[in-house]
Amino acid sequence: MEDKINRATTAPIGIFDSGVGGLTVAKEVFKILPGEDVVYFGDVGRTPYGGRSKEIITSFTAQDVSFLVEQKVKFIICACNSASSVALDEVSSGYDIQMIGVIEPGARAAVEKTRSGKIGVIGTHATISSNAYARFVHTIDPALKVFSLACPLFVPLAEEGYVDKKATRLIAQDYLQTMLDVEIDTLVLGCTHYPMLKSVIADVMGESVTLIDSGEETARVAHRMLTDANLLNPRTTEKPNLIGEHKYFVSDVPQRFSMVASRFLEQEIGNITRIDISRY
Ligand code: DGL
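Sequential numbering of the sequence shown, starting at 400, is according to the working numbering.
Listed below in structure tokens is the structure:
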């Protein structure tokens, strides 16, 4: 595979996701690294990834990464939990460019937080059946207990803005009862969309359960990795008041992306371009 690695500090950070959900991760990156330029790719034309097979998710992920590499990014964040779980290791091994997914940062934070040793993980079918979070938790501490549960309905609820509706609360109560039954003390929000439903999930789980936002943890790890690799934009180190440029690319019509994105990011966005991902 051709290596087009960009080691310029001024190059953008690339972030990709199956669609709009990865903006919850991008939002954390914008907060912690405001001076960085960011190229975001949302595969809205083929979303969702979470109910698909490893083979399909891997081939989509390879195209997403290939697009970002063509954009000459210096570092890639796979915001999608499903792609991070089943595809990123294989795809990233073909490139000499640093890439991180959301699993390891989220799992590590859960290990650090738990006191009872009982951790819950919620995500899409692809993420949960891959067991990626549990596997990583057990590389750190095999004695910890991990309870995993797919909550696929949370994705459309978050996208439709059903964040504080009765229906969402009922579904959350129904899904999360098993987590309450096994008395976890830490719950990993293992899907891009779940931070949008944080307050309902927190209400259902109660005060004794700490919620881990994998996106927030990933942004922190990205900051550390860029610092260690001397890849921070000079704006970040020398002119902290300057804000970087954010460009968005999508694989289908941008209107719906723009509408949902403004809700996820709590601000209007422009600079959205449609691309043909099948070319990559
Ligand atoms: N971005 C996906 C994830 O975090 C959720 C949406 C989908 O299934 O594509 O797993």
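Glycine included, each C-beta is placed from N, C-alpha and C at the ideal position.
Treat the numbers as computed from the prediction; the structure is a model and nothing was measured.
Say the cut is 7 Å; is the CB of residue i nearer than that to a heavy atom of the ligand DGL?
i: V369; result: As displayed, the chain neither begins before 400 nor continues past 679, which places residue 369 out of reach and without an answer.
i: P504; result: no
i: G441; result: no
i: P447; result: yes
i: S465; result: no
i: T526; result: yes
i: D580; result: no
i: G420; result: yes
i: G560; result: no
i: G522; result: yes
i: D416; result: yes
i: H592; result: yes
i: S481; result: yes
i: V554; result: yes
Less than 8 Å between the CB atoms is what I'm expecting for residue i and residue j, so what's the real figure, rounded?
i: G643; j: T423; result: Contact doesn't hold; Cβ gap of about 18 Å is too wide.
i: V587; j: I518; result: 7 Å
i: I456; j: A482; result: 6 Å
i: A525; j: G418; result: 14 Å between Cβ atoms; not a contact.
i: A618; j: E427; result: 4 Å
i: V510; j: I539; result: 5 Å
i: I496; j: V468; result: 7 Å
i: I412; j: I476; result: 7 Å
i: A410; j: K471; result: 6 Å
i: V599; j: F546; result: Contact doesn't hold; Cβ gap of about 19 Å is too wide.
i: I668; j: S657; result: 6 Å
i: A506; j: T523; result: Not really, about 16 Å apart at Cβ, beyond 8 Å.
i: K544; j: I611; result: Actually they do not touch by this definition, with Cβ atoms about 16 Å apart.
i: Y679; j: F466; result: 5 Å
i: A461; j: V490; result: 5 Å
i: S529; j: S492; result: About 17 Å separates the two Cβ atoms, so there is no contact after all.
i: G516; j: R662; result: No, G516 and R662 are not in contact; Cβ-Cβ is about 37 Å, not under 8 Å.
Please tell me whether, using a cut-off of 7 Å, the distance from the CB of residue i to the nearest non-hydrogen atom of the ligand SAH is below it.
i: S452; result: What this structure holds is the ligand DGL, not the ligand SAH.
The region 556 to 571 / the region 522 to 539 touching (three or more Cβ pairs under 8 Å): no
Taking 8 Å as the threshold, find out whether the region 633 to 648 comes into contact with the region 435 to 447 through three or more Cβ pairs. yes
My parser needs the beta strand (DSSP E) runs of 3 or more residues fully inside the region 524 to 596; what are they? 544 to 549 and 585 to 589
As an exercise, report each continuous beta strand (DSSP E) stretch of at least 3 residues that is fully enclosed by the region 422 to 446, in chain order. Correct list: 437 to 441.
Between the region 592 to 604 and the region 624 to 638, are three or more C-beta pairs nearer than 8 Å? no
What runs of the alpha helix (DSSP H), each 4 residues or longer, lie entirely inside the region 447 to 479? 453 to 469
At what residue ranges does the region 614 to 649 contain a whole run of the beta strand (DSSP E), taking only runs of 3 or more? 645 to 649
Are the region 566 to 582 and the region 597 to 604 touching by the rule of at least three beta carbon pairs closer than 8 Å? Yes, since at least three Cβ pairs between the region 566 to 582 and the region 597 to 604 fall closer than 8 Å, the two stretches touch.
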